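A.B. asks:
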RNA sequence: GGAGAGAUGCCGGAGUGGUCAAACGGGGCGGACUGUAAAUCCGUUGCGCAUCGCGCUACGAAGGUUCGAAUCCUUCUCUCUCCA
């Protein structure tokens, strides 16, 4: 073995160690090592694919897991290929769903995609990324190609999937186009000639289809790397927009901090491991000691907020949180809400009406409920009479529930 | 193409002529307790208003029967199951 050879072996080992950290499953490690070695020898970076379907406005923390992995590949000299699934988004990934996804129109999808790219930049160095929109090739698939694609898989194969077989068993409709989804995603791999594809654990099936299609197209099959799914704020289900248990990448520092603080205790450790750069040994130490869980969580929240907003913002958010929720003081920065003067009668304005007017309650009925249940305060006084009128002078702080504060401003027309 | 079953609120799921704005569970929201954790408990969960009441909208869609329809009839749309 030449000295050069052993240098490369060492480098392969190093990359393998870094890359496989946190990965739940790699298909297969041998193939990955082989590809890495070849890449080092030929100085040709691996093409690492990650596909995201823009189906909502914000990217949440769950997405940062594969994005971070992609960034790691990038730092190791490989080529990140980020696929914006603007075409597949309109089909809808059936993964883990118990019903077909609603279809989105193309304008909406493009809108989402733009904001996704923006947010991805918080984790990824976008200058190094090859961004591809899969409508580029998917919308051009001709009839024959589509048929050819569909003939590459079978119904039985599709029904092996848990989500499909469950729906089938329970009599929930499965539409034909949903079967198409994994094939389209796999086709992307063929088009971009992916060496590796990243995805969450639940993407196993879809990623494997990519391998099949590549082999059938005469390419070397991609390595599939599945990462863990991030558990959401509730501590039970995976983080997802539709469960409302998510933190958006774009959220303000205070918001983000507060949400982390409401995380269930059991989930803290996982989050430390998946979402922060705190070294494993330190995490062990933190959890062995008898630190109050609140302090641990505060640390966690600071780590996470730092990642997206910087250290100062994180420290400020922590302090703010303490002030408002531990010391029960007012937030330092309360959004103002304008009360138009014409809404004020001789007796002022009915509190319930004010709440709906300012968007603090979706309906008068709801506003009434909030008041009756003692969820509404003006300055520090709980007001329980839904019929009460107030005459804001400006400067009063209106509080709804625990988290929502608004400072009243009266808009005087001359 | 034939036969059968079904579509109920955010979700699951009762209800088969008035007492139904619709049981029950989940979820959500508010409150208590606390660490904006968990667990627990209480309240609440279509909308409007002159709010212990009145009115409007709502049980897939449109019509009809009836003093009265989520409930009965007709047509339509959609789903599921079995047969071919």
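In the working numbering, the protein residues as written are 25 to 438.
Positions of the beta carbon are idealized from the N, C-alpha and C atoms, including for glycine.
Note that the structure is predicted; figures quoted are calculated from it, not measured.
#1: For residue 249, which of helix, strand or coil comes out of DSSP?
#2: Going by C-alpha to C-alpha distance, which of 110, 185, 101, 172 sits closest to residue 149?
#3: Would a C-beta distance cut-off of 8 Å place residue 74 and residue 89 closer than the cut-off?
#4: Taking DSSP's pairing of strands, which residues face residue 350 in a bridge?
#5: Where does residue 48 land, buried or exposed, given buried means 16+ other C-beta within 10 angstroms?
#6: What distance in whole Å lies between the Cβ atoms of residue 345 and residue 285, which are believed to be in contact at a cut-off of 8 Å?
#7: By how many angstroms is the C-alpha of residue 369 removed from the C-alpha of residue 123?
#8: Grouping DSSP H, G and I as helix and E and B as strand, with all else coil, what is residue 361?
#9: Along the alpha helix (DSSP H) that carries residue 278, what are the first and last residues, could you check?
#10: Spell out a yes or no on whether the segment 71–85 and the segment 259–271 are touching, meaning 3 or more CB-CB pairs, one atom from each, closer than 8 Å.
#11: Just the C-alpha distance for residue 444 and residue 44, rounded to the nearest angstrom, thanks.
#12: What does the alpha-carbon distance come out to for the pair residue 241 and residue 187?
#13: What three-state label does DSSP hand residue 314 in the structure shown?
#14: Near residue 413, which residues of its chain fall below 6 Å by C-beta distance, leaving aside the five closest residues on each side in sequence?
#15: Is DSSP giving residue 183 helix, strand or coil here?
#16: Assuming residue 104 is part of the alpha helix (DSSP H), what are its boundary residues?
#17: Quick check on DSSP: helix, strand or coil for residue 424?
#18: Exposed or buried, what is residue 225 when buried is set at 16 or more other beta-carbons lying within 10 Å of its beta-carbon?
C.D. replies: So, from the data block:
#1: Note: residue 249 maps to strand in three-state DSSP.
#2: Out of 110, 185, 101, 172, 101 has the C-alpha closest to the C-alpha of residue 149.
#3: Residue 89 is positioned such that its CB atom lies no closer than 8 Å to that of residue 74.
#4: According to DSSP, residue 350 bridges with nothing at all.
#5: Exposed is the label assigned to residue 48, since fewer than 16 other Cβ atoms lie within 10 Å of its Cβ.
#6: Distance from residue 285 to residue 345 at the Cβ level is roughly 6 Å; contact confirmed, criterion being Cβ atoms closer than 8 Å.
#7: The straight-line gap separating the alpha-carbon atoms of residue 123 and residue 369 is approximately 50 Å.
#8: It is a strand residue.
#9: 277–285 is the extent of the alpha helix (DSSP H) around residue 278.
#10: As far as the Cβ criterion goes, the segment 71–85 touches the segment 259–271, which means the pair count is three or higher.
#11: Not covered by the structure: residue 444. The range shown for the chain is 25 to 438.
#12: About 28 Å.
#13: Residue state for residue 314 is assigned as coil, using DSSP reduced to three classes.
#14: 371, 372, 374, listed in sequence order.
#15: Residue 183 carries a helical assignment under DSSP once its states are collapsed to helix, strand and coil.
#16: Unbroken run through residue 104 is the beta strand (DSSP E), 103–108; no alpha helix (DSSP H).
#17: In the displayed model, residue 424 falls within a strand according to three-state DSSP.
#18: The residue is exposed, with fewer than 16 neighbouring Cβ atoms inside 10 Å.
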